[in-house]
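Okay, so here's the structure we're looking at.
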Ligand code: FES
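Numbering (the numbering used here), first residue to last: 28 to 137.
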């Protein structure tokens, strides 16, 4: 079972914006939208842009480089939901925002 790790405080990320955080050696884009937090992989699988800097609207972030779109709720590619990037559980404990660390990948031992 993966542990939750504190990544920032409530209020650190303005409403409607995202920020890149590192959890378990992985870069994750954390978004604050409509009073809720969402965490998905930060690296766009197309050519590697940081999704935390993307435009957010209606629960979808648009990649700042070539406009691929991902749902914040589950990491699905909005134009073909069969394809997904990583999506992680987020919780608020007091004034701390915490993300559930991704499970270790046994194929990535470096
Ligand atoms: S790098 Fe994200 S759409 Fe191209």
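Think of the CB as a built atom: it goes at the ideal place given N, C-alpha and C, for glycine as much as any other residue. Since the model is a prediction, treat every value here as computed from it, not as a measurement.
_Cβ neighbour criterion (16 or more within 10 Å) applied to residue 124_ = buried
_Judging by CA-CA distance, which residue of 100, 42 and 54 is the nearest neighbour of residue 34?_
54
*Using the beta-carbon of each residue, find all residues closer than 5 Å to any heavy atom of ligand 1 and list them in chain order.*
71, 73, 74, 76, 90, 92, 93 and 95
_With H, G and I counted as helix, E and B as strand and the rest as coil, what does DSSP make of residue 92?_
coil
_Nearest candidate by alpha-carbon position, reference residue 83, set 116, 37, 95 and 73_ = 95
*Please classify residue 79: does DSSP put it in a helix, a strand, or coil?*
helix
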